Amino acid sequence: MTKNPIAENITRIRAQIAEAAVHAGRNPNEVRLIAVTKTHPPEIAVLALAAGVYDLGENRVQEAESKILALANHKPSTWHLIGHLQSNKAKRAAQLFDMIQSVDSLRLAETLDRFATERAHPLDILLQVNVSGEASKDGFDLADWQQRQEILNAFTHDIERITQLPNIRIRGLMTIAPIGTLTESQQYFQVTRLLRDQLQQRFPECDWSQLSMGMTDDFTAAIAEGATMIRIGRAIFGSR
Ligand SMILES: *Cc1c(COP(=O)(O)O)cnc(C)c1O
6 MTKNPIAENI TRIRAQIAEA AVHAGRNPNE VRLIAVTKTH PPEIAVLALA
56 AGVYDLGENR VQEAESKILA LANHKPSTWH LIGHLQSNKA KRAAQLFDMI
106 QSVDSLRLAE TLDRFATERA HPLDILLQVN VSGEASKDGF DLADWQQRQE
156 ILNAFTHDIE RITQLPNIRI RGLMTIAPIG TLTESQQYFQ VTRLLRDQLQ
206 QRFPECDWSQ LSMGMTDDFT AAIAEGATMI RIGRAIFGSR
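Here my numbering is used: the first residue of the sequence shown is 6, the next is one more, and so on.
So this is what it looks like as structure tokens:
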């Protein structure tokens, strides 16, 4: 029997997740592994499903569409959009994905809400936050939110409007740490968790349970700071 290297990679990552979670005093089951299949064909995504990973992540709507349709018979599979979404792709995204993790403006949230009317259930979203100030990162601009009250105020103002939208439902926050040491990444993950805790107090009626943070190079630091979803591409499928 030939071994499925993807299954082996997933087994290894699950062990690393468990170790990081236990080290942080957390239950490993609180951490969902999202396999990021971008650039890889549907046959490769199928191998992840076969290895028991049901959450799949893509960063472009157009590339994801053929894969999602190809795997439509492979339920259960849950598709997460993790890349920047342009408003002209919002309609298709609202039809195809189970969760949009990359909502980075009030405007995009309003557009998604308009297109999510046809869904049986509200569309789950995460608000993507940029807590590092790195210009190359998308997301609501939350750099310095702890120092400057007006930054947090602008964000909560947008969230107030988003909570009024009937067809989308906030589930938490998503962030991407800049490339750096694990210790540096962990600081950004901690700031994101603290931000989430503030929002939970401010909007107790919303569900802020999900923290999507951590990728191949920094997921153990993210788990230490409370990540409930980690988005892993290279460590499962190899380099792109
Ligand atoms: C590509 C991508 C990932 C996965 O990155 P790896 O380093 O391959 O694990 C995670 N999150 C986002 C937003 C991505 O675009």
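From the three backbone atoms N, C-alpha and C, an ideal C-beta is built for every residue, glycine too.
Being a predicted model, the structure only gives us computed values, none of them experimental.
Proximity winner among the options, relative to residue i (alpha-carbon distances)
i	options	result
Leu170	Ala140, Arg112, Asn9 and Pro183	Arg112
Glu189	Asn172, Met234, Val136 and Ser217	Val136
Asp130	Ser141, Gln154, Ser71 and Ser107	The sequence given here places Ile at residue 130; Asp does not occur at that position. Per the Cα distances, Ser107.
Gly219	Leu117, Leu52 and Gln191	Gln191
Gly30	Arg239, Glu230 and Ile237	Glu230
Ala56	Glu48, Ala12, Ala114 and Leu90	Ala12
Arg97	Asp146, Val41 and Glu68	Glu68
Ala232	Ser141, Pro33, Leu76 and Thr44	Pro33
Leu76	Asn9, Ala114, Thr42 and Gln195	Thr42
Asp60	Leu38, Ala99, Leu52 and Thr186	Leu38
Residue i - containing beta strand (DSSP E), residue span
i	result
Arg176	Ile173 to Met179
Ile167	Careful: Ile167 lies outside any beta strand (DSSP E), inside the alpha helix (DSSP H) at Gln154 to Thr168.
Thr83	Thr83 to Leu86
Glu115	Note, Glu115: premise wrong, no beta strand (DSSP E); alpha helix (DSSP H) at Leu111 to Phe120.
Asn64	Unbroken run through Asn64: none, as it is neither H nor E.
Leu54	Leu54 -> not in any beta strand (DSSP E); alpha helix (DSSP H) instead, spanning Pro47 to Ala55.
Leu147	No beta strand (DSSP E) contains Leu147, which DSSP labels as neither H nor E.
Burial state of residue i (16 or more Cβ within 10 Å)
i	result
Ser82	buried
Lys80	exposed
Val27	exposed
Thr225	buried
Ser214	exposed
Glu165	exposed
His126	exposed
Asn78	exposed
Met6	Residue placement at Met6 is poorly supported in this model, since its pLDDT is 47, which falls under 50; the coordinates still yield a value, given next. The residue is exposed, with fewer than 16 neighbouring Cβ atoms inside 10 Å.
Ile235	buried
Ala182	buried
Ile184	exposed
DSSP bridge partner residues for residue i (one or two, in chain order)
i	result
Ser217	Met179 and Met234
Leu38	Ile235
Ile11	Looking at the DSSP assignment, Ile11 forms no beta bridge with any residue, so it has no partner.
Asn135	Asp146
Leu128	Ile173
Ile105	Leu86 and Ile130
Asp60	Ile39 and Thr83
Rounded C-alpha distance that separates residue i from residue j
i	j	result
Ile228	Met104	20 Å
Ser244	Glu155	41 Å
Asn14	Phe208	39 Å
Glu139	Gln133	14 Å
Leu101	Pro47	15 Å
Gln91	Phe120	13 Å
Gln206	Asp212	11 Å
For residue i, the first and last residue of its enclosing alpha helix (DSSP H)
i	result
Gln192	Leu187 to Arg207
Ala140	Run containing Ala140: none; DSSP gives neither H nor E here.
Ala227	Phe224 to Ala229
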